[in-house]
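Below you'll find the structure, written out as structure tokens, and then a few comments.
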Amino acid sequence: MKEGKGEGRTEGIRGLALWTVGPATAVLVVLFLLPLAIVGGYALSSAGSQGEPALPATFANFVRSFDPLYLGILVRSVRLAFICTLICLVVGFPLAWILRGMGTPARHLALLAFILPSWTNLLVKNYAWIVLLRQEGVVNSALLRLGVIGEPLPLLFNEGAVLVGLVHTFLPFMVLPLYSSLEKLDPALLDAARDLGAGRWARLRKVVLPQCAPGAVAGAILVFIPTLGSFVTPDLLGGARGMMVGNLIQNQMLVARDWPFGSALSIWLIAASLGMILLAGRLTGRGDTSRPGRASWLP
Amino acid sequence: MAPLSGPRRMGMGSAVFFGSGLAFLYLPVVVLAAYSFNDSRFALAWEGFTLDWYRGVFTSREIGRAAWNTLIVSSASTIASVILGTALGVGLHFSRFRGRELLWKSFYLPILVPDITQAVALLSIFALVAFPLGLTSIILAHISFQISFVALLVRARLDAFPGSVVEAARDLGAPPLVAIRKVVLPLAAPGIVAGALIAFTLSVDDFLIAYFTAGPGASTLPIRIYSMIRRGVTPEVNALATLLLAFSLLTMTAAMLFLRKGGGKDRA
Chain A
104 MKEGKGEGRT
114 EGIRGLALWT
124 VGPATAVLVV
134 LFLLPLAIVG
144 GYALSSAGSQ
154 GEPALPATFA
164 NFVRSFDPLY
174 LGILVRSVRL
184 AFICTLICLV
194 VGFPLAWILR
204 GMGTPARHLA
214 LLAFILPSWT
224 NLLVKNYAWI
234 VLLRQEGVVN
244 SALLRLGVIG
254 EPLPLLFNEG
264 AVLVGLVHTF
274 LPFMVLPLYS
284 SLEKLDPALL
294 DAARDLGAGR
304 WARLRKVVLP
314 QCAPGAVAGA
324 ILVFIPTLGS
334 FVTPDLLGGA
344 RGMMVGNLIQ
354 NQMLVARDWP
364 FGSALSIWLI
374 AASLGMILLA
384 GRLTGRGDTS
394 RPGRASWLP
Chain B
350 MAPLSGPRRM
360 GMGSAVFFGS
370 GLAFLYLPVV
380 VLAAYSFNDS
390 RFALAWEGFT
400 LDWYRGVFTS
410 REIGRAAWNT
420 LIVSSASTIA
430 SVILGTALGV
440 GLHFSRFRGR
450 ELLWKSFYLP
460 ILVPDITQAV
470 ALLSIFALVA
480 FPLGLTSIIL
490 AHISFQISFV
500 ALLVRARLDA
510 FPGSVVEAAR
520 DLGAPPLVAI
530 RKVVLPLAAP
540 GIVAGALIAF
550 TLSVDDFLIA
560 YFTAGPGAST
570 LPIRIYSMIR
580 RGVTPEVNAL
590 ATLLLAFSLL
600 TMTAAMLFLR
610 KGGGKDRA
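Those sequence lines, one after another, are chains A and B. Positions in the first sequence are counted from 1; adding 103 to them yields our numbering. Positions in the second sequence are counted from 1; adding 349 to them yields our numbering.
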């Protein structure tokens, strides 16, 4: 593994590469890459009498995903993830823009305010929405008391509740990358565009949007991938009407005990995630989408 | 909040939009925390201040056991991942072998791939090698994603310093291990501490991967909260959830202070 050319005096440390990089790599292989490969193998196997993976190898599990029953859930997952990403983008862009225009102390505070929620437990955030949205929850009782409605609205256990929960969880993941790319926008460019006669919209379209494209793509990855694979939010806020592929996978693995089918669904999810990362790499043109990664919400 | 000072004055519309955005993010959690002090079994209206629900949390045997499990899992996995992740960050910073950047990118995968696929994958390998599910399997599962976060922070921290510092130490005759111990690790220290705090918080907060790799009987705090929510809402959940919330905020804020204190590259 070591390939030190001998130049530079950090060579001795380089020589330790096997001992420094090796153990973590072994963990990555044994507890991440190999398990994913096993899931791939399971996805291609038949279900034994107890639902355990068995021979012969088959594509039946993938074919079964197209059963209307399951296809409906897959389509809903993609649709909800897409809508959630879109809402985060549409709401997140003005937020990031306003952040950019703030003075220094206020901006630091506001940035912190956007980072904080992404540090809070997902269960807690989703549970907070249950407290607000359930039949006798805060929103319904407030509306009842104000006389706006005659009887409680069914706010919980539907796609709308899932979307609210997802946007609530992932909005910061869009705002922060958007802000960090807008931050680099040179005000002189905007002035120059104005001097050249560009109106508000032309400046937005020709100067601002291209500049924030990498942030938007990074944000879209950070929102779309975990949203698509989410389990907790649809489980707690969606009920049967908000079920997504994550719930279907959990159900197949832990309840129905059909591991080959559960694995096939996981493979779809991994394929969609990787496809999204590759697509994003092409969109930004540099393939360097790993950089703004989830690191953008790290302190 | 008074964002109206600054280079450009914020318009009324912007201020309202921005305020609504923040309210959307904070209101649910604030309401939850407020209700954890509400003296009412059915959290409808405010019926006075009480600490009963917190008393309930601290005297519950099941919650105590789950808290203890969480402490064991998170401490063990954090210690392991800090050692492995620090070594990885240091090693990747100094070594130049072929495929180094590709290897580094593959450490981003556990961060990027959805939790549920990782949970399924871990369950599959544990089942395949007949590894008994329990606290140990959760610890191993957590290490697999914590390493990436620690290494990320350590490497970022080292990248912010010129390599000449280490060369100087070597010039003065320090053997590699001494140079690492006396120069590299102290330089990386704020990153290591922040990495440890973040790894610990991620482990304490994780529900899904623990849920898949726990097996029956080994329940952590998030698993406990999940089953309490599923079973029906009681005010104790509000209290427990609020405690977990406070914990995440405290540790992550501490992590950020460590990163800031250490100077180096500013990564907002």
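For glycine and all other residues, C-beta sits at the position ideal for the given N, C-alpha and C.
- Nearest Cα to TYR282(A) within the set MET347(A), PRO197(A) and PRO220(A): PRO197(A).
- The continuous stretches of beta strand (DSSP E) do not include PRO524(B), and DSSP gives it neither H nor E.
- The beta carbon of PRO511(B) sits no closer than 8 Å to any beta carbon of chain A.
- Not one beta carbon of chain A lies nearer than 8 Å to the beta carbon of ILE487(B).
- For LEU158(A), the enclosing beta strand (DSSP E) covers residues 156-160.
- GLY322(A) and LEU192(A) have their C-alpha atoms spaced approximately 8 Å apart.
- Those residues of the region 130-162 of chain A placed with their C-beta closer than 9 Å to a C-beta in chain B are VAL130, LEU131, VAL133, LEU134, PHE135, LEU136, LEU137, PRO138, LEU139, ALA140, ILE141, VAL142, GLY144, TYR145, GLU155 and PRO156, ordered along the chain.
- Following the DSSP letters along the chain, one finds ALA509(B) in no beta strand (DSSP E), marked with neither H nor E.
- Counting along the chain, no alpha helix (DSSP H) covers SER148(A); the unbroken beta strand (DSSP E) around it starts and ends at 148-150.
- The C-beta of GLY370(B) comes closer than 8 Å to at least one C-beta of chain A.
- A Cβ-Cβ contact shorter than 8 Å links LEU441(B) with TRP453(B).
- With 16 or more other Cβ atoms from the protein chains shown falling within 10 Å of its own Cβ, MET379(A) counts as buried.
- THR466(B) belongs to the set of residues whose beta carbon lies under 8 Å from a beta carbon in chain A.
- The shortest CA-to-CA distance from ILE233(A) to any of GLY263(A), ARG210(A), GLY300(A) and TRP200(A) is the one to GLY263(A).
- Chain A places a beta carbon closer than 8 Å to that of VAL380(B), counting this residue as a contact.
- The beta carbons of ALA127(A) and LEU461(B) sit no closer together than 8 Å.
- With a cutoff of 8 Å on beta-carbon distance, PHE364(A) and VAL278(A) are scored as not near each other.
- A Cβ-Cβ distance of about 14 Å is found for the pair ALA382(B) and LEU599(B), leaving them out of contact under the 8 Å criterion.
- Closest option to PHE498(B), judged by alpha-carbon separation, among GLY540(B), ILE487(B) and PRO377(B): GLY540(B).
- Considering only GLY143(A), TRP222(A) and ILE190(A), the residue with the shortest C-alpha distance to THR602(B) is TRP222(A).
- Here PHE398(B) is bridged, per DSSP, to ASN387(B).
- With respect to the C-alpha of TRP122(A), the residue from GLY438(B), ALA567(B) and ARG579(B) having the closest C-alpha is GLY438(B).
- With a threshold of 16 other beta carbon atoms within 10 Å, ARG580(B) falls short and is exposed.
- Counting of Cβ neighbours within 10 angstroms places LYS531(B) among the exposed residues, the total staying below 16.
- The continuous alpha helix (DSSP H) containing SER423(B) extends over residues 410-443.
- Ranked by how close their Cα comes to the Cα of ASN387(B), the residues VAL379(B), LEU400(B), LEU376(B) and PRO377(B) have LEU400(B) in first place.
- For TYR145(A) against SER473(B), the beta-carbon gap comes to about 6 Å, under 8 Å, which counts as contact.
- Per the Cβ contact rule, the region 404-424 of chain B is in contact with the region 570-578 of chain B (3 or more Cβ pairs under 8 Å).
- Residue state for ILE252(A) is assigned as coil, using DSSP reduced to three classes.
- Between THR188(A) and VAL326(A), the gap from beta carbon to beta carbon is short of 8 Å.
- Residue range 312-331 is occupied by the alpha helix (DSSP H) that includes GLN314(A).
- Closer than 8 Å to the CB of ALA231(A) there is at least one CB belonging to chain B.
- The Cβ atoms of ALA468(B) and LEU551(B) do not sit closer than 8 Å to each other.
- Interface criterion not met: the Cβ of SER180(A) is under 8 Å from no Cβ in chain B.
- Residue contact check for ILE574(B) against chain A: a CB pair falls below 8 Å.
- By the Cβ neighbour-count rule, GLU450(B) is exposed, with fewer than 16 other Cβ atoms within 10 Å of its own.
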